[in-house]
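> The structure that follows is given in the form of structure tokens.
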């Protein structure tokens, strides 16, 4: 009877205590990427981010944002051979890098949908290769030879290379921090 009474009283208290141990009491600081006055993206702790600051590339998870700095956790993951001769993917080390938010020069965009930049690169590379080979056949083979590339092929491949170059340059993969795109540090403590 006493055990039942103790369980009825203390069991809910213990359950509530364990449920509340992971609850956050206060919101942490965050960084906002803005285009003019419009918010494009917000970065909180536990957000994934790729950025360039001080001419160095950082990629990882934000562990915390505190006192105008972004703390990025980067993991060194490698394939390690085991005694059985198979490879296992293992985390070698985890390093935390502090980055002052005003030193950030570029932030990589989230990739959604079809990647026009990759298609442009393929089109540019293939067009440039076929154009150069076609021009080389004009220089080193006779006009009536079966290896001579026709003008339609060379002009068509040059147009494909130009279209690929335009696709490649029009696809922006990152935000460059300047007058147009700005980072703003926000703290709910203020």
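In this note's numbering, the protein residues as written are 12 to 201.
Built from N, CA and C at the ideal position, the CB exists for glycine as well.
Compute the Euclidean distance between the alpha carbons of residue 79 and residue 53, then round it to the nearest angstrom.
Working through the chain shown from its first residue, we reach residue 79 at position 68. Working through the chain shown from its first residue, we reach residue 53 at position 42. Each residue's alpha carbon lies about 15 Å from the other.
> Exposed or buried, residue 106, counting other C-beta atoms within 10 Å across all chains shown (16 or more means buried)?
In the chain shown, the residue the question calls residue 106 occupies position 95. Classification for residue 106: exposed.
> For the alpha helix (DSSP H) that contains residue 142, what are its first and last residues?
Here the question's residue 142 lines up with position 131 in the chain shown. Note, residue 142: alpha helix (DSSP H), 127-151.
> How far does the alpha helix (DSSP H) with residue 162 in it extend, from its first residue to its last?
Position 151 of the chain shown, counting from 1, holds the residue named residue 162. Segment 162-181, the alpha helix (DSSP H) holding residue 162.
> By alpha-carbon positions, which one of 91, 110, 21 and 108 ends up nearest to residue 101?
Within the chain shown, numbered from 1, the residue matching residue 101 stands at position 90. Residue 91 is the option with its Cα nearest to residue 101.
> Cβ atoms of residue 71 and residue 81: under 8 Å apart, would you say?
To locate residue 81, count along the chain shown from 1; it is residue 70. To locate residue 71, count along the chain shown from 1; it is residue 60. For residue 81 and residue 71, no; Cβs fall outside 8 Å.
> Ignore the nearest five residues each way along the sequence and tell me which others in residue 145's own chain have a CB closer than 7 Å to its CB.
The residue labelled residue 145 in the question sits at position 134 within the chain shown. So the list reads 160, 164, 165 and 168, once near-sequence residues are dropped.
> Ignoring anything shorter than 3 residues, give me the beta strand (DSSP E) runs that lie fully in the segment 31-113, in order along the chain.
Runs found: 41-46, 49-54, 59-64, 67-77, 80-92 and 98-111.
> Along the chain, where does the beta strand (DSSP E) containing residue 196 start, and where does it finish?
In the chain shown, residue 196 corresponds to position 185, counting from 1. 192-197 is the extent of the beta strand (DSSP E) around residue 196.
> Buried or exposed: which applies to residue 93, given that a residue is buried once 16 or more other Cβ atoms fall within 10 Å of its Cβ?
Here residue 93 corresponds to residue number 82 of the chain shown, with the count starting at 1. Exposed.
> Alpha carbon to alpha carbon, what distance is there between residue 68 and residue 198?
Within the chain shown, the letter at position 187 stands for residue 198. Within the chain shown, the letter at position 57 stands for residue 68. Cα to Cα, residue 198 sits roughly 25 Å from residue 68.
> Among 20, 46, 195 and 171, which one has its Cα closest to the Cα of residue 111?
To locate residue 111, count along the chain shown from 1; it is residue 100. Answer by Cα proximity: 195.
> Given that a residue counts as buried once 16 or more other Cβ atoms are within 10 Å of its Cβ, and exposed if not, what is residue 87?
Working through the chain shown from its first residue, we reach residue 87 at position 76. Exposed: under 16 other Cβ atoms inside 10 Å.
> Could you spell out where the beta strand (DSSP E) holding residue 185 opens and where it closes?
The sequence position of residue 185 within the chain shown is 174, counting from 1. Element bounds for residue 185: 185-187.
> For residue 119, list the residues DSSP reports as bridge partners.
Counting from 1 along the chain shown, the entry for residue 119 is found at position 108. Paired residue(s): 185.
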